[in-house]
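Undergrad: Just so we're aligned, residue 5 is where the sequence shown starts under my numbering, counting upward by one.
Even glycine gets a Cβ: it sits at the ideal position worked out from N, Cα and C.
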Amino acid sequence: MGTLYSTWEWIRSAGITAYLLLFISNVAGLMYKGKIATKTRQPMLLIIHQTAGWFSLLFAFFHALMLLFDQYVSYTLSEIVIPFTANYKTVASGVGTIALYILLFLFISSDVMKKIGRKWWRAIHYLAIPGYLLAFIHGIMIGTDTGALWMVIFYSATFVVVVALFVIRIFNEI
C-alpha cells in the first residue's frame, strides 16, 4: 500500500496554507485600526490576526521542514535556513526563507512587546507587508501550481485585497 500523500503534496499544501493564513492575518491586522473595526469588532479581528498568523508560521515551518524529505529536489538544511544558497531556484528559495524569517521576527517582537516598547514593536510590525509580499513572490516564482487558473485567481485576489487595504490604511479611510 502506498503513502496517503506524497512529500511533494505535503510541501505544496503546507506552503499554500501558510500563504492563505498569512493573507488572513494581514487582512485582519490591516482592518484592526481602521474605521471598519468598531469597538465590538476589534477583539474578533485581533483574535483572527493573531491566530491566523501563528498558524501561518507553523505551516511555513512545516513547509520548510518537509523540503528536507523531498525526493525531487534534494534540499540540505543549510539551503533551507541560509537565504540564496539553494541549488534549485536560488532566488525564489531565498525569498521564501527571508519571508519566513520576517514572520518569525514579527512573532518574537510581539512576544516581547512589553520589553521593547510599543514604538519599537510598531516599527518592527511594519515588516508585515514586505514579509507578505516576499511570501507572495516566493509562491509565484517557485510554486508548482502557479500556472493553474485557480492559483492565478487565488494569488491575484489575495494580492489585490492586501494592497488595497494597505493603501486604504495609509490614508486611514477604513
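One question on the structure: do PHE64 and LEU104 come within less than 8 Å of each other, judged by their Cβ atoms?
TA: Locating residue 64 in the sequence shown gives position 60, counting from the first residue. Locating residue 104 in the sequence shown gives position 100, counting from the first residue. Strictly speaking, residue 64 in this sequence is Ala, with Phe absent from that position. Against a cut-off of 8 Å, the Cβ pair of LEU104 and ALA64 comes out as a contact.
Undergrad: Hey, would you say GLY3 sits closer than 8 Å to HIS53, going by beta carbons?
TA: The chain is shown only over 5 to 178; residue 3 falls outside these bounds and no answer can be derived.
Undergrad: Kindly provide the ranges of any alpha helix (DSSP H) runs that are 4 or more residues long and lie completely inside the segment 131-161, ordered along the chain.
TA: Runs of the alpha helix (DSSP H) inside the segment 131-161: 132-146.
Undergrad: Using three-state DSSP, classify ILE86 as helix, strand or coil.
TA: Counted from its first residue, the sequence shown places residue 86 at position 82. Note: ILE86 maps to coil in three-state DSSP.
Undergrad: Mind checking whether LYS93 and ILE146 have CB atoms under 8 Å apart?
TA: Counted from its first residue, the sequence shown places residue 93 at position 89. Counted from its first residue, the sequence shown places residue 146 at position 142. Yes, the pair counts as a contact, with Cβ atoms nearer than the cut-off.
Undergrad: Give the secondary structure of GLY121 by DSSP, where H, G and I count as helix, E and B as strand, and everything else as coil.
TA: Locating residue 121 in the sequence shown gives position 117, counting from the first residue. DSSP places GLY121 in coil when its eight states are reduced to three.
Undergrad: Count the other CB atoms, across all protein chains shown, that sit within 10 Å of the CB of MET48; report buried if there are 16 or more and exposed otherwise.
TA: As a first step, residue 48 is located in the sequence shown; it is residue number 44 there, counting from the start. Per the 10 Å Cβ criterion, exposed.
Undergrad: Exposed or buried, which one is ASN30 when buried takes at least 16 other CB atoms within 10 Å?
TA: Indexing the sequence shown from 1 puts residue 30 at position 26. Label assigned to ASN30: buried.
Undergrad: Any idea what DSSP makes of ALA103, helix, strand or coil?
TA: What you label residue 103 is simply residue 99 of the sequence shown in a count that begins at 1. The answer is helix: DSSP assigns ALA103 an H, G or I state.
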